[in-house]
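For reference, the structure is listed below as structure tokens.
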Amino acid sequence: ATGDQAGNVRLWDAATRRPRGASFKCPRGVYGLAFSPDGKTLATGDAGGYTDPAEARLWDVASRRGLHVLVGHADTVRQVAFAPDGRTLASAGNDRSVRLWDADAGQPGPKLTGHAGVGNALAVVPLSDGRRLLASASTDKTVRMWDPATGQPGPQLTGHTSGVHALAVVPLSDGRH
């Protein structure tokens, strides 16, 4: 899936490099995209407007219909990520917050605050004991870990000399990350 600043979302066939069906339209520019683990739902994050709050949206991939509009960020939603079970969506934005959402019901969960800068990236971190943490990267030069079940902050990674704009997690064979 791809999204552009005009709000167009397009699904692609990677093998043929051709669009899969018609594109669909978000009301504003698309800054974040994520598929649910089963591939049936697509989440988008948008830019918001001067008087309109930024939104994350959930879409049914097969019909390209909107399922839920998630309002809770004061400024651009830069990134969205699903939990491995597909029931929780995380969103990060220019308002320096990370939000958790009940993706099935389209209802807000905890608002995670602590970053002093824009939230640029999200990743789910699997732990060796089966639990998961949520990692968020920010222009404040940090990566913060959060317990998505409780919304409580965990360890913070520091050391970057400029804003962190991307992160990736790979589980190692011994359970470390």
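If you're matching positions, the sequence shown starts at 1 in the numbering used here and goes up one per residue.
Yeah, the Cβ is synthetic: ideal placement off N, Cα and C, and Gly gets one too.
Since the model is a prediction, treat every value here as computed from it, not as a measurement.
Would you please state the rounded distance, in angstroms, between the beta carbons of residue i and residue j? I believe it to be under 8 Å.
i	j	result
GLY163	ASN94	The Cβ separation is near 12 Å, so there is no contact.
ALA81	ALA123	7 Å
LEU89	ALA43	5 Å
VAL182	LEU112	Nothing about residue 182 can be reported from this structure: the residues present for the chain run from 1 to 177 only.
Within 10 Å of its beta-carbon, does residue i have 16 or more other beta-carbons around it, so buried, or fewer, so exposed?
i	result
GLY199	Residue 199 cannot be examined here, being either before or after the span of the chain that is shown, 1 to 177.
VAL9	buried
ARG144	buried
LEU127	exposed
TRP3	Rather than Trp, the amino acid found at residue 3 in this sequence is Gly. Buried is the call here.
THR51	exposed
THR41	buried
Does the separation of the CB atoms of residue i and residue j fall below 8 Å?
i	j	result
HIS68	PRO53	no
ASP75	GLY48	yes
LEU58	GLY106	yes
ARG87	ASP60	no
LEU133	TRP146	yes
SER91	GLY117	no
LYS141	HIS160	yes
ARG96	GLY32	no
ARG64	PHE24	yes
GLY39	GLN5	no
PRO110	GLY66	no
Residue i bridges to which residues according to DSSP?
i	result
ASN120	Note: ASN120 sits in no beta bridge, so no partner.
PRO19	TRP12
HIS160	Looking at the DSSP assignment, HIS160 forms no beta bridge with any residue, so it has no partner.
THR113	SER97
SER136	LEU122 and ARG144
SER91	VAL80 and ARG99
For residue i, would you say it is in contact with chain B, using Cβ-to-Cβ distances shorter than 8 Å as the test?
i	result
ALA56	Among the chains in the structure shown there is no chain B, since it carries only a single protein chain.
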